[in-house]
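S.K.: Numbers given in my numbering equal positions in the sequence shown, counted from 1, plus 1.
Below is the structure I would like to discuss, written out as structure tokens.
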Amino acid sequence: MRSLVRGLLAGWLLALAVAQTAALALVWWIFIRTPHGQVIDATVLRGTRFGRASVEQLVSGVLDAVSFASLVAATIVLGFIALARRRVLLAVAATVLVAGANLTTQVLKDYVVSRPDLGIAGTNIGAPNSLPSGHMTVAASVAVAAVMVVPARLRAMVAVLGACYAALTGIATLSAGWHRPSDALAALLIVGAWASVVAAVLVLAQRSWTTGAPSDPHPRMVGGLALVGGAALVGAVLLVALADQGPLTPPVEVGRSRLVLAYAGGAVGVAGATCLTMAVVLATVHRVVPRLAEPTVAAQPTGPDTDLVAAGEQERTD
2 MRSLVRGLLA GWLLALAVAQ TAALALVWWI FIRTPHGQVI DATVLRGTRF
52 GRASVEQLVS GVLDAVSFAS LVAATIVLGF IALARRRVLL AVAATVLVAG
102 ANLTTQVLKD YVVSRPDLGI AGTNIGAPNS LPSGHMTVAA SVAVAAVMVV
152 PARLRAMVAV LGACYAALTG IATLSAGWHR PSDALAALLI VGAWASVVAA
202 VLVLAQRSWT TGAPSDPHPR MVGGLALVGG AALVGAVLLV ALADQGPLTP
252 PVEVGRSRLV LAYAGGAVGV AGATCLTMAV VLATVHRVVP RLAEPTVAAQ
302 PTGPDTDLVA AGEQERTD
């Protein structure tokens, strides 16, 4: 029975990875290959000019914290946490998730994706391609990996903090004028796809080293993140729709009020997509990383040091 459950869960996770990859291709097509998509992205980006000076210090602080050195340090810390919990395969999986997602982003941005000139003024034609966002990939991959490696009792808190951190990073890249909203969305889909593949491998690799029993789920937090994320995405679509003046309207001809609406819609959309991504991860992680098998009675030592050995080996919260 457990083998059947593992197989179904792994199949669901792989299907989710395929769906996220297909969504990534759709984001690329809509926002890079179509005139309307380029106009929407550029309108949001142009709207970030208003109020940029008032948040410049905060934005700089957030973005300066995201670097290659910080990525390496975070990956090492995550691996150490997994190893401290006697989860060698989980440490490898978290490292693969972070490295794979960030490498994919850099390859796509530098060598695969290009932004064609569709003849619409003000869409930043000629600027280097910015899809997917490297900063967003770093923040989201570290946040998702953290949810996977921490003990079950901390997952809900880490999921919320990680979602806030990733969303703030994505919005900061918009506010600084570095990235369009589609760049952040593409980065989230890449992280989500890698997380799904890595989770499927972990599920298929479960053998005698786990009980097969899921660790503590967090249905309320999953529901809360999904509700907030869904509501934010609906709000983002409405705000962008109010700002939209048509597929061929150059962003340079859009009025200030509409530009502000577009920027607000882009920021809210990034936050909503981040919450939904984290909700999906949190919904399955209790089965992807189940409890460790407890030592059998026959294997437990006897004598005056029994309690000390048992206390050192037991991990009740996995």
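Glycine residues also receive a C-beta, built at the ideal position from the N, C-alpha and C atoms.
(1) Taking 6 angstroms as the cut-off, is the beta-carbon of residue 280 closer than that to any non-hydrogen atom of the ligand PLP?
(2) Taking a contact to mean a Cβ-Cβ separation below 7 angstroms, would you say residue 184 touches residue 132 in this structure?
(3) Taking residue 138 as the reference, give the member of 68, 125, 74, 12 with the closest Cα.
(4) Using beta-carbon positions only, say whether residue 147 and residue 171 come within less than 7 angstroms of one another.
(5) Within 8 angstroms, do at least three Cβ pairs link the segment 4-23 to the segment 221-235?
(6) Using a Cβ-Cβ cutoff of less than 6 angstroms, which residues in the same chain neighbour residue 274 once the five nearest sequence positions on both sides are dropped?
(7) State the Cα-Cα distance for the pair residue 160 and residue 192, rounded to the nearest angstrom.
(8) List the whole-angstrom C-beta distance separating residue 219 from residue 280, where the pair is believed to meet the contact cut-off of C-beta under 8 angstroms.
(9) Expressed to the nearest angstrom, what Euclidean distance is found between the alpha-carbon atoms of residue 181 and residue 282?
(10) Quick check on residue 257: buried or exposed, where buried means 16 or more other Cβ atoms within 10 Å of its Cβ?
(11) Please tell me whether residue 124 and residue 96 are closer than 7 angstroms, where the distance is taken between their beta carbons.
(12) Tell me which same chain residues have a C-beta within less than 6 angstroms of the C-beta of residue 82, skipping the five on either side of it?
(13) Is it the case that the segment 235-245 contacts the segment 97-116, given that we only count it when at least three CB pairs across the two stretches are under 8 angstroms?
(14) Going by beta-carbon coordinates alone, are residue 21 and residue 272 separated by less than 7 angstroms?
(15) How would you write the range of the alpha helix (DSSP H) that residue 69 sits in, first residue to last?
(16) Curious, which full-length beta strand (DSSP E) runs of at least 3 residues does the segment 23-64 contain?
(17) Rounded to the nearest angstrom, what separates residue 209 and residue 63 at their Cα positions?
(18) For residue 174, which residues in the same chain have their Cβ closer than 8 angstroms to its Cβ, ignoring the five residues on either side in sequence?
(19) Going by CA-CA distance only, name the one from 196, 269, 109, 291 that's closest to residue 230.
(20) My understanding is that residue 260 touches residue 105, with C-beta atoms under 8 angstroms, so please give their C-beta distance in whole angstroms.
(21) Using a Cβ-Cβ cutoff of less than 6 angstroms, which residues in the same chain neighbour residue 92 once the five nearest sequence positions on both sides are dropped?
(22) Taking buried to mean at least 16 other C-beta atoms within 10 Å of its own C-beta, is residue 385 buried or exposed?
(23) Can you tell which of 56, 6, 250, 98 has the C-alpha that lies nearest to the C-alpha of residue 122?
(24) How is the alpha helix (DSSP H) around residue 229 delimited, first residue to last?
(25) Beta-carbon within less than 7 angstroms of residue 248's beta-carbon, same chain only, minus the 5 sequence neighbours each way: which residues are those?
(26) Expressed to the nearest angstrom, what Euclidean distance is found between the alpha-carbon atoms of residue 252 and residue 8?
(27) Buried or exposed: residue 107, going by 16 or more other Cβ atoms within 10 Å of its Cβ?
M.R.: Reading from the atomic positions:
(1) No copy of the ligand PLP appears in this structure; indeed no ligand is present at all.
(2) yes
(3) 68
(4) no
(5) no
(6) 186, 189
(7) 15 angstroms
(8) With 8 angstroms as the limit, residue 219 and residue 280 do not qualify as a contact, their Cβ atoms being about 10 angstroms apart.
(9) 25 angstroms
(10) exposed
(11) no
(12) 150
(13) no
(14) no
(15) 69-85
(16) none
(17) Bear in mind that a pLDDT of 49 at residue 209, under 50, signals an unreliable position, so the number given afterwards is only what the model happens to contain. Roughly 43 angstroms between the two C-alpha positions.
(18) 64, 134, 136, 137, 180, 184, 185
(19) 269
(20) Between residue 105 and residue 260 the Cβ distance is about 32 angstroms, and since that is not below 8 angstroms, they are no contact.
(21) 80, 83, 84
(22) Because residue 385 is not part of the residues shown, which for the chain are 2 to 319, the question remains open.
(23) 250
(24) 220-244
(25) 36, 37, 40
(26) 49 angstroms
(27) exposed
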